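Undergrad:
Residue numbers (UniProt numbering): 1 to 442.
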């Protein structure tokens with residue numbers, strides 16, 4: 001039995017989360033289209049993305065696991081150092097032991113290229129680039145999206161996957177008369193300089209082994225340097241000059257050069273300074289690091305996913321993974337609705353979106369709290385944060401303890417797709433609560 005009004009989902013934004021949702025809806029046989037404002041869904045932005053165990057489980061279900069393993073590097077090891085390069089804490093992340101897989105890192109371009117290229121041709125034709133959202137109109141039976149070029153598209157509901165500066169969110173809040181406090185939901189306290197370098201171009205490259213996260217922690221400044229097989233990815237964090245803001249900030253090439261000059265003497269590994277790394281840079285960018293979450297992820301036939309509704313600083317590596325969990329939950333709910341025989345009324349869609357928000361609430365709040373705490377600890381924001389990072393954590397192993405006792409059980413409760421087999425599930429010490437249609441390898 002299928003819904004009396006078959007679903008047609010309009011996805012605003014063709015980035016990593018929008019393309020992941022396209023993969024899920026293709027598998028669920030739910031019609032969709034993507035409207036992407038840029039001229040391509042595979043731009044080179046220089047950034048890397050962390051992939052966690054929950055995302056690898058989805059890739060397994062979608063048949064993408066071998067490709068994702070091929071283009072990513074597991075990063076099980078973490079080393080924390082002072083600005084002079086002296087290491088004061090080294091350990092293995094909790095993820096492999098708790099969930100069977102280490103966090104892995106890959107190039108953003110490789111991720112979106114894989115997500116796009118593995119879609120069937122019939123799904124690729126549903127992706128429209130150069131389509132900047134202008135307006136959304138609710139109709140008695142669905143929604144109409146109008147783009148700035150005058151084109152328009154009809155569907156039954158909208159998913160805003162258009163990032164931290166989401167136009168979908170702004171229109172949704174205007175339509176719903178959201179309070180003024182919600183119109184700028186994210187606050188920026190930190191900024192980040194990010195980029196990537198060819199691993200073999202680095203000085204002393206024979207000693208720069210893949211699979212390591214090097215972090216420098218200091219007062220008002222911290223760094224992460226992830227070493228993959230072919231690339232290294234860096235991000236340098238520091239408090240926003242001039243104090244926190246809720247306004248958008250645009251940076252220039254000169255801002256990037258000045259930031260790099262300011263931090264050139266800081267070590268990003270025990271042997272390499274940032275200046276030595278930056279001399280080999282392929283591409284770099286500077287961005288504000290917003291934090292926060294919207295109160296309401298949906299209104300009537302419009303819902304938000306990923307950074308559009310929940311912005312997490314990248315220091316805990318869960319931004320993309322949190323968005324993946326958003327679209328997994330929505331995929332399960334929308335497939336149920338599409339096959340229910342129920343008329344897809346506004347009330348039915350609102351019910352689905354309420355379930356989505358309720359399911360995602362606890363994990364998103366915990367991740368947000370963890371990221372806020374970590375970025376302030378590693379930049380030693382206050383003497384207690386310094387003592388915690390420099391002495392207490394290395395002595396007691398609080399990072400691993402928090403990961404295994406708090407975040408680990410919570411991560412294990414997150415959903416997988418209900419209708420696909422998981423052929424290569426790897427178990428750790430914490431049992432997964434959801435297992436889809438599992439076939440365990442013998």
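Cβ atoms here follow ideal geometry from the backbone N, Cα and C, with glycine treated the same way. Quick caveat: nothing in here was measured; it's all calculated off a predicted structure.
#1: Run through the DSSP bridge pairs and tell me what residue 363 is partnered with.
#2: Between 263, 375, 42 and 58, which has its C-alpha nearest residue 437's C-alpha?
#3: Classify residue 361: buried if its beta carbon has 16 or more other beta carbons within 10 angstroms, exposed otherwise.
#4: In whole angstroms, give me the CA-to-CA distance for residue 302 and residue 11.
#5: Can you give the Cα-Cα distance for residue 162 and residue 15, rounded to whole angstroms?
#6: Would residue 26 be called buried (16 or more neighbouring beta carbons within 10 Å of its own) or exposed?
#7: If you check the beta carbons only, do residue 289 and residue 246 fall under 8 Å apart?
#8: What residues match up with residue 153 in a beta bridge as DSSP calls it?
#9: Helix, strand or coil for residue 125? Go by DSSP, reduced to three states.
#10: Shortest alpha-carbon distance to residue 213 belongs to which of 50, 156, 23 and 252?
#11: Measure the C-alpha to C-alpha separation of residue 442 and residue 405 and round it to an integer number of angstroms.
#12: What residue ranges within the segment 331-379 form continuous beta strand (DSSP E) runs of no fewer than 3 residues, ordered along the chain?
#13: Whole angstroms is fine: what's the gap from residue 353's alpha carbon to residue 70's?
#14: Quick check: what's the CA-CA separation for residue 390 versus residue 379?
#15: Any chance you could list the alpha helix (DSSP H) runs of at least 4 consecutive residues sitting entirely within the segment 381-437, in chain order?
#16: Report yes if the CB atom of residue 5 is closer than 8 Å to the CB atom of residue 141, and no otherwise.
#17: Here's the rule I'm using: 16 or more other beta-carbon atoms within 10 Å means buried, otherwise exposed. How should residue 114 be labelled?
#18: Helix, strand or coil for residue 75, going by three-state DSSP, please let me know.
#19: Please tell me whether residue 11 has its Cβ less than 8 Å away from any Cβ of chain B.
#20: With DSSP run on the structure shown, which of helix, strand or coil describes residue 164?
#21: Measure the C-alpha to C-alpha separation of residue 18 and residue 258 and round it to an integer number of angstroms.
#22: What are the start and end residues of each continuous beta strand (DSSP E) run of 3 or more residues lying completely inside the segment 27-81, in chain order?
#23: With distances taken between CB atoms, is the gap from residue 393 to residue 30 smaller than 8 Å?
#24: Considering only the alpha carbon of each residue, which of 429, 426, 383 and 430 lies closest to residue 218?
#25: Please report the residue range of the beta strand (DSSP E) in which residue 217 lies.
#26: So who's on the other strand from residue 238, going by DSSP bridges?
#27: Using 10 angstroms around the beta-carbon of residue 84, count the other beta-carbons present and answer buried if the total reaches 16, otherwise exposed.
#28: Apart from the five residues on each side of it in sequence, which residues of its chain come closer than 7 Å, Cβ to Cβ, to residue 207?
#29: Give every residue of the same chain whose Cβ lies closer than 6 Å to the Cβ of residue 176, excluding the five residues on either side of it in the sequence, and list them in chain order.
#30: Measure the Cβ-Cβ separation of residue 209 and residue 78 and say whether it is below 8 Å.
#31: Give the range of the alpha helix (DSSP H) segment to which residue 227 is assigned.
#32: Quick one: any contact between the segment 35-46 and the segment 127-134, if contact means 3 or more CB pairs under 8 Å?
#33: Classify residue 14 as helix, strand or coil using the three-state DSSP reduction.
#34: Within a Cβ cutoff of 8 Å, which residues of the same chain sit near residue 170, ignoring the five residues on either side of it in sequence?
#35: Would you call the segment 232-251 and the segment 93-103 touching, i.e. three or more CB-CB distances under 8 Å?
TA: Inspection of the coordinates gives the following:
#1: According to DSSP, residue 363 bridges with nothing at all.
#2: 58
#3: exposed
#4: 10 Å
#5: 8 Å
#6: buried
#7: no
#8: 145
#9: coil
#10: 50
#11: Residue confidence for residue 442 is low, a pLDDT of 45 falling below 50, so the modelled location carries little weight and cannot support an answer.
#12: none
#13: 35 Å
#14: 11 Å
#15: 383-387, 393-396, 398-402 and 408-412
#16: yes
#17: buried
#18: coil
#19: No chain B is present in this structure, which holds just one protein chain.
#20: coil
#21: 34 Å
#22: 31-36, 48-51 and 77-81
#23: no
#24: 383
#25: 212-218
#26: 191
#27: exposed
#28: 271
#29: 299
#30: no
#31: Taken as a continuous stretch (DSSP letters only), residue 227 belongs to no alpha helix (DSSP H), being part of the beta strand (DSSP E) at 221-227.
#32: yes
#33: coil
#34: 183
#35: no
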